[in-house]
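Below is one structure, written out as structure tokens; the observations come after it.
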Amino acid sequence: APSALIGERLDAAQGKGAIFDGFPRTQAQAEALDLLLAERGRRLDHVIELAVDEDSLVKRITGRFSCARCGTGYHDKFKPTKVRGVCDACGSTEFVRRPDDNEQTMRTRMAEYRAKTEPILPYYNERGLVRRVDGMASVDEVAAQIEAVLDGGTSS
Numbered sequence: 008a009p010s011a012l013i014g015e016r017l018d019a020a021q022g023k024g025a026i027f028d029g030f031p032r033t034q035a036q037a038e039a040l041d042l043l044l045a046e047r048g049r050r051l052d053h054v055i056e057l058a059v060d061e062d063s064l065v066k067r068i069t070g071r072f073s074c075a076r077c078g079t080g081y082h083d084k085f086k087p088t089k090v091r092g093v094c095d096a097c098g099s100t101e102f103v104r105r106p107d108d109n110e111q112t113m114r115t116r117m118a119e120y121r122a123k124t125e126p127i128l129p130y131y132n133e134r135g136l137v138r139r140v141d142g143m144a145s146v147d148e149v150a151a152q153i154e155a156v157l158d159g160g161t162s163s
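Okay, so the sequence shown: first residue is 8 according to this note's numbering, each after it adds one.
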């Protein structure tokens, strides 16, 4: 993400705060973000680490699919259609899976995360910013943990 774009987003937030999803990914990006924030008299409040088991994550991702007509999301195991092969929302029988929701792509992404992004956690941990959230919990539980962090609480 180019610095100018991030700067524009920060300026547009007008003191309301901002959430960065998947950014920064490298030490250089983390340092650049710190500089952009400092130039605006702002700072990071939290860095949320979603703790996940890689094999379970692969199963979650590879099981996702959605209705080709209305976009309603499903999962082979965790949220199947009520009637096999029929969308609960619109009745369509056509479904799609994202091409990158496959095991090889997920394993590559996790390897890249371990190589590039995971090493910046100590950078933020030294500043007391890292909050670990159990990404293996239910969607509602993960959302509640994240909300608690953003509301000023802590997670495990």
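A virtual CB, placed ideally from N, CA and C, is assigned to each residue, including glycine.
Source: prediction; values computed, not measured.
Residue environment, residue i, which counts as buried when at least 16 other CB atoms sit within 10 Å
i    : result
C94  : buried
F85  : exposed
L17  : buried
L40  : buried
R105 : exposed
Q21  : exposed
V90  : exposed
V146 : exposed
I26  : exposed
DSSP three-state assignment for residue i, whether helix, strand or coil
i    : result
V65  : helix
K86  : strand
E110 : helix
I26  : coil
L57  : strand
G48  : coil
G142 : coil
Neighbourhood of residue i by C-beta distance below 7 Å, restricted to the same chain and skipping five residues each side
i    : result
E110 : V65, T69
C97  : C74, R76, C77
S63  : M143
V103 : F72, S73, A75
T88  : Y81, C94, D95
A19  : none
G92  : T100
Closest residue to residue i among the options (Cα-Cα distance)
i    : options             : result
G29  : V146, Q152, E119    : E119
R114 : I13, S145, A37, V59 : V59
G132 : S10, H53, I13       : Sequence check: residue 132 is Asn here, not Gly. When each option's Cα is compared against that of N132, the closest is H53.
R47  : I55, I13, F27, R134 : I13
Residues of its chain near residue i, where Cβ-Cβ distance is below 6 Å and the 5 sequence neighbours each way are ignored
i   : result
P31 : A37, L40
L44 : R50
G80 : S73
Residue-chain proximity (residue i, chain D), Cβ-Cβ < 8 Å
i   : result
C74 : Looking at the structure shown, chain D is missing, and only one protein chain is on hand.
Cβ-based neighbour list, residue i, same chain, cut-off 8 Å, excluding 5 preceding and 5 following
i    : result
V156 : H53, I55, R138, V140, S162
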